[in-house]
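First up is the structure itself, then whatever we jot down about it.
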Amino acid sequence: MAASVVFLVGLFVICTTCTGQANLQPVMHFHMKDGQNEAVTVPPPPTPSAGNSSSHSMPFAVNGIFPALTATADSGGKRSECGIGALMPWNDHLYMVSYLSVPDAGNGTGLYRIDSSFQMTKIADHRSTYANRIIHKETSQIIIGAWVINSTGGVRVFDQLLTYRLAATAEHLTKPETMVYMLGMDGPLWECDVIQMTCTQLFDLVKELDIPAIEQPHFKAAHTMNGRLVVASNTFQEEDFIGSQQGGRLAEWTGPGSQWTVLEKTAFVEVTGRRNFGSVIYAMGWDAISVILKVYDGRNPAYHSWQTYRLPKGSHAYDHLWQTEWPRIREVETERYLMDMHGLFYELSPLGWAGSTWGLRPVSRHLRMIPDFTSFRGFLVLGGNQVSSIFDNNVVTGQSQSGLWFGKTDDLWSFGKPQGWGGVWRRTAVKAHQPSDPFLMTGFDHKVLHVFPNQNVTDDVVVRIEVDVTGAAGHLPEESWLPYGHVLFNTSFPYAYHVFPAGYSAHWVRLVSEADCVMTAYFHYT
């Protein structure tokens, strides 16, 4: 007897038997239980006893959206948001926490657990904002939101943190056996005991990092590595765009007895790193010019400093501090990162040999808002934030809700073609013979450079174009930056552009002006 073939069409499985007849059967139905525990069941596919002529169990393959696996907030009362802040696979389940915009800005959000049969259970209610997740390896527990979950599924809660917005959890510098750091979105930094379930506030980072009073603190990420705790705040408003204020922060602290060091005064949203492969820390942010990737190579003492690289923006719809949610750098395939930033997915290597950052390439462009993503049961799982009225500022959105997308990592290649724009200078006082930051060039089909002054010029201004074809970015003596050409502008022609030949590419590109000048240099990639 011929084996059955299974296709997934929309929400139906087509079961084709040896007779050649196709029967449509629903993949899922809903069953809602009363009370706090709300269960949504997706039955397994048909078995031989269910009318299938195959002698073996039917294969089960899906791709896309399960409408039943959706987090919602209540329609009545305050209406703000219902994003999916953190996803974490643990003890054969996928844990998920949803979030409101601010504490007490709605009802219905919670902590969820999804099992291998795609049954979703709400295991805790809350009315706050959570986007943190980590494994506390010393005690074999995960921390997600305000909850600690052990390896057998036992759940405990930090009661002190239920009314705060939690952005990130990081390992403790001096007491990792029992402690973690918890970072609040509004600036508090606690150390929390995962045994006693108590927390003590260490800092108000708004004061420590001198964030201007006019700016809203909006902390997003924290990571401990290479003897330092690194935190990020993505504050970016019109004042930051214009240049009259600097509210965002990337900062580090090396522990008790040391002061905080501010590394950048612009928006940063993510910090992460592995302890092997060179112990590289990646920090991701942006300014009015481009996306920024900061890199710290912890293995090689020659590169114990932060390097800066620039990347294009795939969209300007992420430029405000509220618009980004939580762009992430996550490991969804072993020992390689998937990076999401400003509407573009990238593959990123954790390697950092000789201080180089060469394992970075764009994958695709997307419209979906993705506050977190992970791997579960062979799937790439993308979180979401689809419908949010934000206190009825948008009166046509309806009930706040967000769903999950399930697929393969390689499905991302079929998303939008990588495109974007960004620069190395924007109204920047450029010094003669001082190279710009490297700007990503690889992975885009068509490229053009625009250069123009933001002040009157009296003489010719020559701007040299240099490329790095190996990705070493000049860190190896035998692999230096290569001269590509130049552009020139002056009083008669105060604008220059260069269209790179079709098919031409390098890994990084940078610019060097031969004169002091306030100017803008912008790349457009299509």
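Numbering (mature numbering (1 follows the signal peptide of the UniProt record, and there is no 0)), first residue to last: -20 to -1, 1 to 506.
Using N, Cα and C, we set each Cβ at its ideal position, and we do this for glycine too.
Owing to the predicted nature of the structure, the values given are computational and were not obtained by experimental measurement.
Check                                                                                                                                                     : Outcome
What does DSSP give as the partner residues of Lys274 in its beta bridges?                                                                                : Ala263, Thr288
Measuring alpha carbon to alpha carbon, tell me which of His152, Val174, His198, Asn256 ends up nearest Arg208.                                           : His152
Could I get the ranges of all uninterrupted beta strand (DSSP E) runs contained in the stretch 75 to 154, with 3 residues as the minimum, in chain order? : 90 to 94, 100 to 105, 113 to 116, 121 to 124, 127 to 130, 135 to 137, 146 to 151
Are Arg407 and Pro330 close, meaning C-beta to C-beta below 9 Å?                                                                                          : no
Pick helix, strand or coil for Ile222, following the three-state DSSP scheme.                                                                             : helix
So Lys187 is in the alpha helix (DSSP H); what residue range does that whole segment cover?                                                               : 185 to 188
Since Thr246 and Tyr262 should fall inside the 8 Å C-beta cutoff, what is the C-beta to C-beta distance between them, to a whole number of angstroms?     : Contact doesn't hold; Cβ gap of about 16 Å is too wide.
Whole angstroms are fine: how far does the CA of Ala111 sit from the CA of Gly228?                                                                        : 19 Å
Straight-line CA distance for Pro463 to Ser336?                                                                                                           : 19 Å
Rounded to the nearest angstrom, what separates Ser96 and Leu49 at their Cα positions?                                                                    : 13 Å
In whole angstroms, give me the CA-to-CA distance for Gln99 and Phe395.                                                                                   : 28 Å
Is there contact between the stretch 214 to 228 and the stretch 173 to 189, where contact requires at least three CB pairs shorter than 8 Å?              : no
Could you tell me the distance, in whole angstroms, from the CA atom of Arg348 to the CA atom of Ala495?                                                  : 43 Å
One question on the structure: do Phe503 and Trp338 come within less than 9 Å of each other, judged by their Cβ atoms?                                    : no
Buried or exposed: where does Leu420 fall if 16 or more other Cβ atoms within 10 Å of its Cβ makes it buried?                                             : buried
Could you please give me the residues that DSSP links to Ser493 through a beta bridge?                                                                    : Val443
Going by C-alpha distance, which of Ile191, Cys172, Lys155 is nearest Val166?                                                                             : Going by the sequence as given, residue 166 is Asp instead of Val. Of Ile191, Cys172, Lys155, the residue nearest in Cα terms is Ile191.
Would you call Ala282 buried or exposed, if buried means 16 or more other Cβ atoms sit within 10 Å of its Cβ?                                             : exposed
Roughly how many whole angstroms lie between the Cα atoms of Phe10 and Asp390?                                                                            : Note that Phe10 has pLDDT 36, beneath the 50 cutoff, so the model's placement of it is unreliable and the number below is only indicative. Approximately 30 Å, taken between the alpha carbons.
Considering just the uninterrupted stretch of the beta strand (DSSP E) at Lys427, what are its terminal residues?                                         : 427 to 433
If you pair each beta-carbon of the stretch 294 to 309 with each one of the stretch 349 to 358, do three or more pairs fall below 8 Å?                    : yes
Cutting at 7 Å between CB atoms, please list the residues of its own chain near Val479, excluding the five before and the five after it.                  : Val428
With three or more C-beta pairs closer than 8 Å as the rule, is the stretch 141 to 157 touching the stretch 196 to 211?                                   : yes
For the beta strand (DSSP E) that contains Lys200, what are its first and last residues?                                                                  : 199 to 205
Report the option in Trp286, Pro292, Ser259 whose CA atom is closest to the CA atom of Arg279.                                                            : Ser259
Do the stretch 183 to 201 and the stretch 118 to 137 touch if we need at least three Cβ pairs shorter than 8 Å?                                           : no
Less than 8 Å between the CB atoms is what I'm expecting for Leu362 and Trp385, so what's the real figure, rounded?                                       : 4 Å
If I measure Cβ to Cβ from Ser485 and keep anything under 8 Å in the same chain, skipping five residues before and after, which residues do I get?        : Met421, Thr422, Gly423, Phe424, Lys427
Could you tell me whether the Cβ atoms of Leu324 and Val343 are closer together than 9 Å?                                                                 : yes
Using the three-state DSSP reduction, which class does Ser382 fall into: helix, strand or coil?                                                           : strand
Quick one: Cα of Gln140 to Cα of Ile45, how far?                                                                                                          : 36 Å
Give a yes or no on whether the C-beta atoms belonging to His106 and Ala126 are separated by under 9 Å.                                                   : yes
Measure the alpha-carbon distance for Val242 versus Gly387 and round it to whole angstroms.                                                               : 39 Å
Who are the near neighbours of Thr304 in its chain, counting only those whose CB is closer than 7 Å to its CB and skipping five residues on each side?    : Asn214, Val249, Tyr298
Would you call Val356 buried or exposed, if buried means 16 or more other Cβ atoms sit within 10 Å of its Cβ?                                             : Before going on, a small fix: residue 356 reads as Phe here, not Val. Buried is the call here.
Can you tell me which of Ser285, Asp439, Val437, Ile445 puts its alpha carbon nearest to the alpha carbon of His413?                                      : Ile445
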